[in-house]
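Chains Z and D are the protein sequences, given in the same order.
Using my numbering, the letters of the first sequence map in sequence onto residues 14 to 117.
Using my numbering, the letters of the second sequence map in sequence onto residues 296 to 493.
Written out below as structure tokens is the structure these notes cover.
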Amino acid sequence: MHDPRERHLQAVNRIIQYLKASAGKGLLFKKGENLSMKIYTDVDYAESIVDRRSTTSYCMFLGGNLVTWRSKKQNVVARSSAEAEFRAMAQGVSELFMDEDYTR
Amino acid sequence: MHQIDVKNAFLHGSLEEEVYMEIPPGYGNVNEENKVCRLKKALYGLKQSPRAWFGRFTQAMISLGYRQSQGDHTLFIKHSQNGKLTLLLVYVDDMIITGDDEIEKQTLKERLTAQFEMKDLGKLKYFLGIEVAYSRQGIFISQRKYILNLLKETRKLGCKTIEVPIEQNHRIGMMRKIQRWRRHNIKDLGKTHLSITH
Numbered sequence: 014m015h016d017p018r019e020r021h022l023q024a025v026n027r028i029i030q031y032l033k034a035s036a037g038k039g040l041l042f043k044k045g046e047n048l049s050m051k052i053y054t055d056v057d058y059a060e061s062i063v064d065r066r067s068t069t070s071y072c073m074f075l076g077g078n079l080v081t082w083r084s085k086k087q088n089v090v091a092r093s094s095a096e097a098e099f100r101a102m103a104q105g106v107s108e109l110f111m112d113e114d115y116t117r
Numbered sequence: 296m297h298q299i300d301v302k303n304a305f306l307h308g309s310l311e312e313e314v315y316m317e318i319p320p321g322y323g324n325v326n327e328e329n330k331v332c333r334l335k336k337a338l339y340g341l342k343q344s345p346r347a348w349f350g351r352f353t354q355a356m357i358s359l360g361y362r363q364s365q366g367d368h369t370l371f372i373k374h375s376q377n378g379k380l381t382l383l384l385v386y387v388d389d390m391i392i393t394g395d396d397e398i399e400k401q402t403l404k405e406r407l408t409a410q411f412e413m414k415d416l417g418k419l420k421y422f423l424g425i426e427v428a429y430s431r432q433g434i435f436i437s438q439r440k441y442i443l444n445l446l447k448e449t450r451k452l453g454c455k456t457i458e459v460p461i462e463q464n465h466r467i468g469m470m471r472k473i474q475r476w477r478r479h480n481i482k483d484l485g486k487t488h489l490s491i492t493h
């Protein structure tokens, strides 16, 4: 990491405390669900006060089971919330094509 | 879901380039002092080895009728004639086999064992830090063991717990960016001031 400071260590320690509390948590893949694929996408528009970029998030369900999810700052400045939302949708849908292979 | 691993995986790869090594101690005669050996196959410690092994393994899977997924190159897929599906996922020398085609899964294991030395680890229990538990309802995965090891390594087993992983309105990295911005703009102010006075 570039130029690590005391603040970063504090943040890491906080994450460790959180992990200890959530160690037993996990994902349950239920039997007998159908294989219909659903993707939910959302965006936090221009949320970064440093560079005004938006944050994409999406999650994908196969039947009722959560399979993959992501939250990532977009790498361009969206000039409207519609543009930001569209970018999130596009990113989410590209995940669908990745998994299409073996659910056919 | 079954798990298998390959013994001495990196010794299976074949080399594309000429690679030489010094004769290991205890092998060379006194009159062969200036000789080196040329490798016929990959060895541990070569930078080519991981790629050579993966290439060799991919070839084996393709010759068994599997297709490499384009979304994840470590996943191999086979649709049988009867519409059933078999999947294999590999991480270096660890693999998971799953699917609804029991016969194909068994054949796959046998064919791989014939080509590489394999160890059958039975039902999938632990893979890449993820624990797998089975119940009547389905399959439950968690990283409990992985987290406990992390706590042990960082000597934080006794730390207090917290429900939110980051404090509200945290400012990591922000302060420095703002400081740099200020410094920069003050410099510019100085320049304009100079150009005005001259």
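Just so it is clear, CB atoms sit at the ideal spot from N, CA and C, and this is done for glycine as well.
- D:Gly-308 is the residue among D:Tyr-339, D:Gly-308, D:Lys-342 and D:Glu-397 whose C-alpha sits nearest the C-alpha of Thr-353 of chain D.
- Across the set Z:Lys-86, Z:Glu-98, Z:Leu-79 and Z:Gln-23, the C-alpha of Z:Leu-79 shows the shortest separation from the C-alpha of Lys-44 of chain Z.
- Nearest to Glu-328 of chain D by C-alpha distance, out of D:Lys-336, D:Leu-445, D:Pro-319 and D:Gly-350, is D:Pro-319.
- Looking at Z:Val-90, Z:Cys-72 and Z:Gly-39, the one whose alpha-carbon comes closest to that of Ile-62 of chain Z is Z:Val-90.
- Here DSSP, grouped into helix, strand and coil, assigns Lys-85 of chain Z to strand.
- Distance from the CA of Leu-416 of chain D to the CA of Ile-299 of chain D, rounded to the nearest whole angstrom, comes to 5 Å.
- Think of a sphere of 8 Å around the beta carbon of Ile-52 of chain Z: no beta carbon from chain D falls inside it, the nearest being about 14 Å out.
- The stretch 67-77 of chain Z makes contact with the stretch 99-112 of chain Z: 3 or more CB pairs, one atom from each, lie closer than 8 Å.
- Residues of chain Z whose Cβ lies closer than 8 Å to the Cβ of Arg-439 of chain D are, in chain order, Ala-36, Gly-37 and Gly-39.
- Interface residue (Cβ-Cβ distance to chain D less than 9 Å): Ala-103 of chain Z is not classified as such.
- Burial is judged here by how many other beta carbons sit within 10 angstroms of a residue's own beta carbon; Glu-399 of chain D has at least 16 and is buried.
- Around Cys-454 of chain D, the beta-carbon contacts reaching into chain Z at under 9 Å are Asn-26, Ile-29, Gln-30 and Lys-33.
- By the CB criterion at 9 Å, Gly-39 of chain Z and Phe-422 of chain D fall outside the cutoff.
- The Cβ of Arg-66 of chain Z sits no closer than 9 Å to any Cβ of chain D.
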